[in-house]
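Heads up: the sequence lines are chains A and B, in that order.
The first sequence begins at 3 in the working numbering and counts up by one.
The second sequence begins at 3 in the working numbering and counts up by one.
The beta-carbon is built from N, C-alpha and C at its ideal position, and this holds for glycine as well.
The structure presented is a predicted model; accordingly, all values stated were derived computationally and were not measured.
For reference, the structure is listed below as structure tokens.
Protein chains: 2
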Amino acid sequence: MATIKDIAEKLGLPVSTVSKALNGSGEVNEKTRQQVFDTALALGYASRKERKQKPSSKICIFIENMGFEKIEHFGYEIIVGFRLAATERNWEVDIVPISMNERIDYVYDDYMIRNGYSGGFLLGFFLHSDFHRQLQHTIIPTVVLDNLILNPKVACVGVDNYQGVTYAVEHLASLGHTSIALMNGEGNSRVSQERYQGFKVGMNKCNLPVRKDLAAYGDFTSDNTAPYVRQFVENGATAIVCASDYIAVGVLGELAKLDLRVPQDISVTGFDDIPIARYSAPPLTTIRQDRLNIGKSACVALEQIIEGMAISRFLLAPELIVRGSTGTVR
Amino acid sequence: MATIKDIAEKLGLPVSTVSKALNGSGEVNEKTRQQVFDTALALGYASRKERKQKPSSKICIFIENMGFEKIEHFGYEIIVGFRLAATERNWEVDIVPISMNERIDYVYDDYMIRNGYSGGFLLGFFLHSDFHRQLQHTIIPTVVLDNLILNPKVACVGVDNYQGVTYAVEHLASLGHTSIALMNGEGNSRVSQERYQGFKVGMNKCNLPVRKDLAAYGDFTSDNTAPYVRQFVENGATAIVCASDYIAVGVLGELAKLDLRVPQDISVTGFDDIPIARYSAPPLTTIRQDRLNIGKSACVALEQIIEGMAISRFLLAPELIVRGSTGTVR
């Protein structure tokens with residue numbers, strides 16, 4: 003395998019110029035870059051990193067310090083997926099529970115450097131503005147779940163929320179539904195906004211109108227859907243797309259109180275495919291997030307950032323899982 | 003390294019159950035999956051694929067059969083980035099020029115299977131609807147540039163268009179501009195739509211209004227900007243965000259005809275950072291796409307799809323490059 007020096011000798015160029023060309027620097031003119039690339043390909047160039055056995059890196063996964071139930075339902079498999087991929091790379095992984103949705107009293111970069119971490123994976127749903135601010139300027143390769151941070155060192159992983167809700171809408175439209183409502187999560191959450199965009203895209207694709215009286219922001223729990231469900235039913239909805247399985251389970255409860263049968267009178271879809279989706283009555287048609295592969299994708303993204311790639315978003319394709327909560331329009 | 007059989011023996015479970023649990027199948031109950039994952043981690047599980055030396059794969063890069071100039075300016079480095087990453091993986095790469103924007107007279111999957119390709123990378127800007135339709139149902143791991151195909155076997159790579167245009171708008175706002183226009187590419191192009199969304203997001207972030215009389219769809223060339231530029235100037239624009247460097251160069255020409263100086267009278271930004279951006283008069287402030295890493299990311303994505311990950315989008319972070327075409331508002 004050839005080195006930068008081999009390429010430089012072959013072309014009669016300074017090593018620094020070859021290095022800059024290979025790193026995509028704008029300082030090298032186009033013709034020279036092209037010669038360097040051609041020669042690199044011809045000689046079978048491999049960077050020093052590739053030639054040496056990679057040293058072991060230490061990575062920190064921060065998990066939201068919430069109740070065990072939620073971690074069990076959502077975060078556990080992501081961590082397993084990450085760790086399986088990290089093992090292949092000979093990486094050590096520490097897991098540190100913190101409260102990401104509260105003010106933090108330390109500097110993220112200091113913490114990571116002091117503890118010898120090469121990268122971090124933040125597995126929390128709501129990041130406090132403190133964290134957001136710090137991550138916008140961090141120099142530590144970092145991956146976050148479902149949050150977008152404008153910093154080339156920070157990548158976002160998760161499923162493609164647009165696609166997921168689009169699939170739910172298309173499924174309902176194929177069953178004849180035209181009055182489809184959206185029961186969303188918190189309005190200030192990025193995930194909610196993306197799911198609303200996906201709803202609009204899906205409705206447009208199916209030539210259905212997005213009605214303001216059939217879309218509401220609430221929160222991502224089961225507890226606060228009553229007024230919205232009542233409103234949707236009064237306004238003629240025959241199907242309710244929910245932004246999470248927890249919301250969908252709450253909606254099922256409210257519909258039961260109104261003596262409406264699912265799916266005979268009204269259809270309901272969830273999002274996430276957490277275990278309760280399979281055990282609700284009826285079982286939920288939902289959008290599955292492949293959590294093992296989300297964990298793996300976080301590890302792949304982190305490896306690329308460490309190697310110098312500036313990643314914005316690495317999004318997986320969601321999958322529609324059809325169960326008993328959806329049926330043809332009444 | 004442990005195998006699936008080791009895990010099955012340790013837990014007294016059928017091999018098929020362990021395999022399903024590790025593949026994330028919904029048929030295995032939650033408790034069993036958790037036991038399997040815990041045991042897999044404890045025993046240091048590695049899949050057969052990991053234990054064997056990976057066989058060499060053969061990949062096909064399709065490049066748009068356009069003039070050499072455009073490939074040289076944009077596609078060449080992407081191909082180099084892909085090939086460098088493919089070499090590390092011991093992959094063979096063939097390059098096949100085709101006309102992706104025309105009707106195709108063969109079946110993509112047949113072609114790939116007949117020629118022994120494990121995956122494809124389509125490097126074209128406009129995909130004919132024939133191609134779109136075929137890719138929606140392909141079983142061949144495939145990566146496309148700047149196109150979104152709803153198929154878990156097909157991933158999209160490119161830079162984050164939203165982020166890029168947001169950076170351009172924020173840069174202009176920081177120079178005092180409030181009447182910012184958008185000269186976009188074709189209205190039916192996904193890239194144009196995303197760049198328009200990024201424009202709206204950026205203007206919102208800067209508390210600036212998006213004015214209909216200061217936004218237009220044209221095309222991605224230099225040749226057809228005259229009527230729009232005239233309209234923007236008449237409507238008081240002090241800056242024009244362009245959706246490509248080619249468009250920006252066209253806009254510079256039209257502004258010269260109107261006797262307007264750049265950046266003293268009006269500022270202009272491009273997108274892509276192709277070589278002409280550095281050599282225009284004045285040199286263009288633009289949004290850089292890291293084409294070497296786009297190529298690398300295509301290879302990384304393809305590897306993950308081949309291993310079973312369903313990727314929707316793998317987007318890199320763009321970079322603002324400030325040159326002479328932007329200045330403080332007059």
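### Message
If we define contact as Cβ-Cβ less than 8 Å, is A/Met311 a contact residue for chain B?
### Response
Translated into positions along the first sequence, residue 311 of chain A becomes position 309. Closer than 8 Å: yes.
### Query
Which value, in whole angstroms, describes the spacing of the CA atoms of A/Thr287 and B/Ile61?
Translated into the one-based positions of the first sequence, residue 287 of chain A becomes position 285. Translated into the one-based positions of the second sequence, residue 61 of chain B becomes position 59. Their backbone Cα atoms lie some 37 Å apart in a straight line.
#### Entry: Beta-carbon proximity of B/Gly189 to B/Tyr219, cut-off 8 Å
In the second sequence, counting from the first residue as 1, residue 189 of chain B sits at position 187. In the second sequence, counting from the first residue as 1, residue 219 of chain B sits at position 217. Between B/Gly189 and B/Tyr219, the C-beta gap is smaller than 8 Å, which places the two residues in contact.
### Query
Can you name the start and end residues of the beta strand (DSSP E) that B/Asp148 belongs to?
The residue you call residue 148 of chain B lines up with position 146 of the second sequence. Counting along the chain, no beta strand (DSSP E) covers B/Asp148, and no H or E run does either.
### Message
Is it the case that the segment 207-217 of chain A contacts the segment 145-159 of chain A, given that we only count it when at least three CB pairs across the two stretches are under 8 Å?
### Response
In short, these stretches do not touch, since the Cβ pair count stays below three.
#### Entry: Whole-number beta carbon distance between B/Gly160 and B/Ile323, since they are thought to touch under 8 Å
In the second sequence, the residue the question calls residue 323 of chain B occupies position 321. In the second sequence, the residue the question calls residue 160 of chain B occupies position 158. That pair is no contact at about 18 Å.
### For B/Val264 and B/Ala250, the rounded distance between their alpha carbons
As a first step, residue 250 of chain B must be located in the second sequence, where it is residue number 248. As a first step, residue 264 of chain B must be located in the second sequence, where it is residue number 262. Going from the Cα of B/Ala250 to the Cα of B/Val264 covers about 12 Å.
#### Entry: Residues that A/Ser18 contacts on chain B, provided the C-beta gap is smaller than 9 Å
Sequence index remark: in the first sequence, residue 18 of chain A carries index 16 (1-based). The contacting residues do not exist; A/Ser18 stays about 18 Å from chain B at best.
### Message
Looking at B/Ile142: is its Cβ nearer than 8 Å to the Cβ of B/Ile97?
### Response
In the second sequence, residue 142 of chain B corresponds to position 140, counting from 1. In the second sequence, residue 97 of chain B corresponds to position 95, counting from 1. Here B/Ile142 is not near B/Ile97, since their CB atoms are 8 Å or more apart.
### C-alpha gap between B/Ala23 and B/Gln195, whole angstroms
On the second sequence, residue 23 of chain B is found 21 positions in, with the first residue counted as 1. On the second sequence, residue 195 of chain B is found 193 positions in, with the first residue counted as 1. If you draw a straight line from the Cα of B/Ala23 to the Cα of B/Gln195, it comes to about 41 Å.
### Task
Would you mind working out which of A/Pro320, A/Lys298 and A/Pro277 sits nearest B/Glu32, comparing C-alpha positions?
Position 30 of the second sequence, counted from the start, is the residue given in the question as residue 32 of chain B. Out of A/Pro320, A/Lys298 and A/Pro277, A/Pro277 has the C-alpha closest to the C-alpha of B/Glu32.
### Query
Going by alpha carbons, who is nearest to A/Asp148 out of A/Tyr119, A/Arg85, A/Leu174 and A/Asn163?
Taking the first residue of the first sequence as 1, we reach residue 148 of chain A at position 146. In this structure, A/Asn163 is the residue among A/Tyr119, A/Arg85, A/Leu174 and A/Asn163 with its C-alpha nearest to the C-alpha of A/Asp148.
#### Entry: Simplified DSSP assignment, three categories, for A/Gly160
As a first step, residue 160 of chain A is located in the first sequence; it is residue number 158 there, counting from the start. Secondary structure of A/Gly160 (DSSP, three-state): strand.
### Message
My output table needs one value for A/Tyr78: the three-state DSSP class, helix, strand or coil.
### Response
The residue given as residue 78 of chain A occupies position 76 in the first sequence. It is helical.
### Query
A/Asp96 bridges to which residues according to DSSP?
Locating residue 96 of chain A in the first sequence gives position 94, counting from the first residue. Per DSSP, A/Cys62.
### Task
Determine which residues share a DSSP beta bridge with B/Asp274 and list them.
Locating residue 274 of chain B in the second sequence gives position 272, counting from the first residue. In the DSSP secondary-structure assignment, B/Asp274 is bridged to B/Arg290.
### Query
With C-beta atoms as the reference, is A/Arg319 less than 8 Å away from B/Ala312?
Numbered from its first residue, the first sequence carries residue 319 of chain A at position 317. Numbered from its first residue, the second sequence carries residue 312 of chain B at position 310. Here residue 319 of chain A is Ala; the residue named in the question, Arg, does not match the sequence. With respect to the 8 Å criterion, A/Ala319 and B/Ala312 are classified as neighbours on the basis of their beta carbons.
### Message
Please return the same chain residues whose Cβ sits closer than 8 Å to the Cβ of A/Ser224, not counting the five positions on each side in sequence.
### Response
Taking the first sequence and counting its residues from 1, one reaches residue 224 of chain A at position 222. For A/Ser224, where only same-chain residues beyond five positions count, the Cβ hits under 8 Å are Tyr248, Ile249, Val251, Gly252 and Gly255.
### Spatially closest choice to A/Ala241 from A/Asp221, A/Ala300, A/Val20 and A/Leu262, by CA coordinates
Taking the first residue of the first sequence as 1, we reach residue 241 of chain A at position 239. A/Leu262 is the residue among A/Asp221, A/Ala300, A/Val20 and A/Leu262 whose C-alpha sits nearest the C-alpha of A/Ala241.
### Message
Which of the three DSSP states is assigned to A/Ile242 in this structure?
### Response
Position 240 of the first sequence, counted from the first residue, corresponds to residue 242 of chain A. A/Ile242: strand per DSSP, three-state reduction.
### Task
Take the Cβ of B/Arg35 as the centre, count every other Cβ of all protein chains shown within 10 Å, and call the residue buried at 16 or more, exposed below.
For the purposes of this step, residue 35 of chain B is taken as residue 33 along the second sequence, with counting starting at 1. Buried, because 16 or more other Cβ atoms sit within 10 Å of the Cβ of B/Arg35.
### Candidates A/Thr330, A/Val20, A/Gly14 and A/Pro16, of which the one nearest A/Ser176 by Cα
Here residue 176 of chain A corresponds to residue number 174 of the first sequence, with the count starting at 1. Checked all of A/Thr330, A/Val20, A/Gly14 and A/Pro16; the closest Cα to A/Ser176 is A/Thr330.
### Task
Note down, in chain order, each residue of its chain lying with its Cβ closer than 6 Å to the Cβ of B/Thr168, except the 5 sequence neighbours on either side.
Residue 168 of chain B sits at position 166 when you count from the first residue of the second sequence. Gly200, Val203 and Gly204.
#### Entry: Span separating the alpha-carbon of A/Gly207 from that of A/Gly126
On the first sequence, residue 207 of chain A is found 205 positions in, with the first residue counted as 1. On the first sequence, residue 126 of chain A is found 124 positions in, with the first residue counted as 1. The sequence as given places Lys at residue 207 of chain A; Gly does not occur at that position. Taken atom to atom, the span from the alpha-carbon of A/Lys207 to that of A/Gly126 is near 33 Å.
### Message
By the 7 Å beta-carbon criterion, what residues does the segment 287-310 of chain A contribute toward chain B?
### Response
Against chain B - using a Cβ distance shorter than 7 Å - the residues of the segment 287-310 of chain A are Asp292, Leu294, Asn295, Lys298, Ser299, Val302 and Gln306.
### Task
Report yes or no: is there a C-beta of chain A within less than 8 Å of the C-beta of B/Ser58?
Along the second sequence, one-based indexing puts residue 58 of chain B at 56. Not one chain A Cβ lies under 8 Å of B/Ser58.
### Task
Tell me whether B/Met311 sits in a helix, a strand or coil according to DSSP, three-state version.
In the second sequence, residue 311 of chain B corresponds to position 309, counting from 1. Reduced to three states, the DSSP call for B/Met311 is coil.
### Message
Could you tell me the alpha carbon to alpha carbon distance between B/Leu13 and B/Ala42, rounded to whole angstroms?
### Response
Within the second sequence, the letter at position 11 stands for residue 13 of chain B. Within the second sequence, the letter at position 40 stands for residue 42 of chain B. Taking the straight line joining both Cα atoms gives about 11 Å.
### Task
Pull up the distance between the alpha-carbon of B/Lys51 and that of B/Glu11, whole angstroms please.
Here the question's residue 51 of chain B lines up with position 49 in the second sequence. Here the question's residue 11 of chain B lines up with position 9 in the second sequence. In this prediction, B/Lys51 has a pLDDT of 49, which is less than 50 and means its spatial position is unreliable; what the coordinates show is noted afterwards. Rounded to the nearest angstrom, the two C-alpha atoms are 21 Å apart.
### Task
Using a Cβ-Cβ cut-off of 8 Å, state whether A/Gln266 counts as contacting chain B.
One-based indexing of the first sequence puts residue 266 of chain A at position 264. False, the Cβ-Cβ gap to chain B never drops below 8 Å.
### Task
Report the neighbours of B/Glu32 on chain A: residues whose CB is nearer than 8 Å to its CB, in chain order.
Position 30 of the second sequence, counted from the start, is the residue given in the question as residue 32 of chain B. Ordered by position in chain A, the residues that pass the 8 Å Cβ test against B/Glu32 are Pro277.
### Message
Within 8 Å of any Cβ in chain B, is that where the Cβ of A/Pro285 sits?
### Response
Here residue 285 of chain A corresponds to residue number 283 of the first sequence, with the count starting at 1. Output row for A/Pro285: interface = no.
### Message
Let me confirm a value: A/Val38 is counted as buried when at least 16 other C-beta atoms fall within 10 Å, else exposed. Which label applies?
### Response
As a first step, residue 38 of chain A must be located in the first sequence, where it is residue number 36. Counting Cβ neighbours within 10 Å, A/Val38 comes out buried, since at least 16 surround it.
### Query
Using the beta-carbon of each residue, which ones in chain B are nearer than 7 Å to A/Gln165?
As a first step, residue 165 of chain A must be located in the first sequence, where it is residue number 163. By Cβ distance, chain B contributes Leu152 and Ser314.
### Query
Considering only C-alpha positions, which residue in the set B/Leu260, B/Tyr110 and B/Ser282 is nearest to B/His134?
Within the second sequence, numbered from 1, the residue matching residue 134 of chain B stands at position 132. B/His134 has its Cα closest to that of B/Tyr110, out of B/Leu260, B/Tyr110 and B/Ser282.
### Message
Quick check: the Cα distance between A/Val17 and A/Lys7, rounded to an integer number of angstroms?
### Response
Position 15 of the first sequence holds residue 17 of chain A. Position 5 of the first sequence holds residue 7 of chain A. Using only the alpha carbons, I get a separation of about 6 Å.
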